[in-house]
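Presented below is the structure to which this report refers.
Numbering (my numbering), first residue to last: 7 to 299.
Quick look at the structure:
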């Protein structure tokens with residue numbers, strides 16, 4: 007290909023990235039990136055509609071952790087997330103584990119993913135496996151095929167016999183970090199933690215507010231950091247409701263065990279189905295993130 011053709015192709019990509027009429031979806035642009043941008047670390051937009059500059063790749067293996075499913079190339083995060091994750095893995099060692107297995111963080115430049123998560127777009131979300139880690143020397147092939155371990159029983163109403171006090175203490179340490187906005191776990195885990203902290207004072211139970219029940223989080227727990235200082239274009243999620251959230255989690259469990267009857271006259275659905283994000287839907291800064299070398 008000649009020099010003029012190369013320049014023309016580059017301009018075509020740039021123009022496509024900067025216009026609302028682009029045929030490609032935002033996830034196709036961001037899913038194609040293999041490395042982080044050469045920019046100062048910053049998050050733009052919201053957790054489910056944004057991107058991230060200057061993300062750092064979590065090392066595949068460390069003394070107290072391993073990144074899983076390496077083929078996905080989703081082990082990228084804001085420096086704050088990398089620091090948080092390394093420190094939490096050391097907490098796991100104090101609880102008798104060899105460390106932690108880290109699942110999906112973000113793509114190299116954040117943004118919508120080709121498959122899976124709707125969030126994880128800012129480099130501030132981390133999925134951490136529930137496995138009581140016994141070794142941190144798995145090879146790449148083993149990390150592609152090993153399974154996370156479920157901790158739920160009765161559809162998520164209760165923890166099963168694989169749940170340990172170590173799980174409780176690791177989640178407590180994570181929630182106690184001031185950088186953490188919230189942590190998603192299955193309802194039965196939140197209720198169990200509430201029971202195990204019942205004798206403590208209200209002040210010492212304050213961290214429970216960040217532990218939020220959500221469907222599906224029984225193989226891993228999902229940590230979400232708040233927008234880092236200096237990320238002016240980053241949009242924080244609304245804070246959790248006041249209180250420790252234990253009564254709310256118990257209601258989730260009650261509804262699992264005894265599902266409420268469907269309404270006799272349900273309202274007609276008016277909400278539009280969420281469409282795929284295009285580049286024009288994201289903050290303008292995301293074009294610069296894509297075009298950065």
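Built from N, CA and C at the ideal position, the CB exists for glycine as well.
Backbone secondary structure at residue 226 - three-state DSSP:
Counting from one through the chain shown, the residue named residue 226 turns up at place 220. Three-state result, residue 226: strand.
Quick one: using the 10 Å Cβ neighbour count with 16 as the cut-off for buried, is residue 216 buried or exposed?
Residue numbering aside, residue 216 sits at position 210 when the chain shown is read from its first letter. The residue in question, residue 216, is buried, as its Cβ has 16 or more Cβ neighbours within 10 Å.
Would you list the one or two residues that DSSP bridges to residue 67?
Taking the first residue of the chain shown as 1, we reach residue 67 at position 61. In the DSSP output, where bridge partners are listed per residue, residue 67 has 72.
Does the distance from the C-beta atom of residue 194 to that of residue 159 stay below 9 angstroms?
Sequence index remark: in the chain shown, residue 194 carries index 188 (1-based). Sequence index remark: in the chain shown, residue 159 carries index 153 (1-based). In this structure, residue 159 lies closer than 9 angstroms to residue 194 by Cβ.
Residue span of the alpha helix (DSSP H) that contains residue 200, given as start and end:
Here residue 200 refers to the residue found at position 194 of the chain shown. Start and end: 193–202.
What is the DSSP secondary structure of residue 295, reduced to helix, strand or coil?
Reading the chain shown from its first residue, position 289 is the one you call residue 295. Residue 295: helix per DSSP, three-state reduction.
CB of residue 239 within 9 angstroms of CB of residue 172, strictly:
Numbered from its first residue, the chain shown carries residue 239 at position 233. Numbered from its first residue, the chain shown carries residue 172 at position 166. No, these two residues do not count as a Cβ contact at 9 angstroms.
Compare the Cα-Cα distances from residue 225 to each of 105, 153, 117 and 84 and report the closest residue.
The sequence position of residue 225 within the chain shown is 219, counting from 1. Considering only alpha carbons, the answer is 153.
Counting beta carbon pairs with one atom in the region 206–214 and one in the region 76–92, are three or more of them shorter than 8 angstroms?
no
7 angstroms Cβ shell around residue 27 - same chain, five flanking residues per side excluded
On the chain shown, residue 27 is found 21 positions in, with the first residue counted as 1. For residue 27, the predicted model reports a pLDDT of 42, less than 50, meaning its position is unreliable; a value from the coordinates is still stated below. So the list is empty, once near-sequence residues are dropped.
Please work out which residues of its chain come closer than 7 angstroms, Cβ to Cβ, to residue 223, disregarding the five sequence neighbours upstream and downstream, and give them in chain order.
Residue 223 sits at position 217 when you count from the first residue of the chain shown. Here the set comprises 190, 191 and 192.
Among 167, 67 and 121, nearest to residue 33 - alpha-carbon criterion:
Numbered from 1 along the chain shown, position 27 holds the residue referred to as residue 33. Looking at the Cα atoms, 121 is the closest of the given residues.
Taking the C-alpha atoms as reference points, what is the distance between residue 283 and residue 59?
As a first step, residue 283 is located in the chain shown; it is residue number 277 there, counting from the start. As a first step, residue 59 is located in the chain shown; it is residue number 53 there, counting from the start. Cα to Cα, the separation comes out at about 19 angstroms.
Check each candidate in 273, 155 and 97 and name the one with the smallest Cα separation from residue 168.
In the chain shown, residue 168 corresponds to position 162, counting from 1. Nearest option by C-alpha distance: 155.
From the DSSP output, in three-state form, read off residue 43 for me.
As a working mapping, residue 43 is identified with position 37 in the chain shown. It is coil, neither helix nor strand.
Could you work out which residue in 201, 55, 245 and 202 is closest to residue 288 when comparing CA atoms only?
Taking the chain shown and counting its residues from 1, one reaches residue 288 at position 282. It is 55.
Hey, quick one: how far does the beta strand (DSSP E) through residue 49 stretch, first residue to last?
Position 43 of the chain shown, counted from the first residue, corresponds to residue 49. From DSSP, the beta strand (DSSP E) with residue 49 extends over 48–52.
Please work out which residues of its chain come closer than 8 angstroms, Cβ to Cβ, to residue 242, disregarding the five sequence neighbours upstream and downstream, and give them in chain order.
Within the chain shown, the letter at position 236 stands for residue 242. Answer for residue 242: 187, 232 and 233, listed in chain order.
For residue 108, report the span of its beta strand (DSSP E) as first-last.
If you number the chain shown from 1, residue 108 lands on position 102. Segment 106–108, the beta strand (DSSP E) holding residue 108.
9 angstroms Cβ cutoff met for residue 115 and residue 43:
As a working note, residue 115 is residue 109 in the chain shown. As a working note, residue 43 is residue 37 in the chain shown. Yes, Cβ-Cβ distance for residue 115 and residue 43 is below 9 angstroms.
Pair within 9 angstroms by beta-carbon distance, residue 98 and residue 236:
Stepping through the chain shown from its first residue, residue 98 is reached at position 92. Stepping through the chain shown from its first residue, residue 236 is reached at position 230. In this structure, residue 236 does not lie closer than 9 angstroms to residue 98 by Cβ.
Specify the secondary structure class of residue 214 as computed by DSSP and reduced to three states.
For the purposes of this step, residue 214 is taken as residue 208 along the chain shown, with counting starting at 1. Looking at residue 214 - three-state DSSP - the assignment turns out to be helix.
Smallest Cα separation from residue 244: which of 53, 200 and 41?
Translated into positions along the chain shown, residue 244 becomes position 238. If we check each option's Cα against that of residue 244, 53 comes out closest.
Secondary structure at residue 27, three-state DSSP: helix, strand or coil?
Taking the first residue of the chain shown as 1, we reach residue 27 at position 21. For residue 27, the predicted model reports a pLDDT of 42, less than 50, meaning its position is unreliable; a value from the coordinates is still stated below. Coil at residue 27, not helix or strand.
What residues in its chain sit with their C-beta under 6 angstroms from that of residue 228, if we drop five residues either side in the sequence?
In the chain shown, the residue the question calls residue 228 occupies position 222. Only 133 and 190 meet the Cβ criterion.
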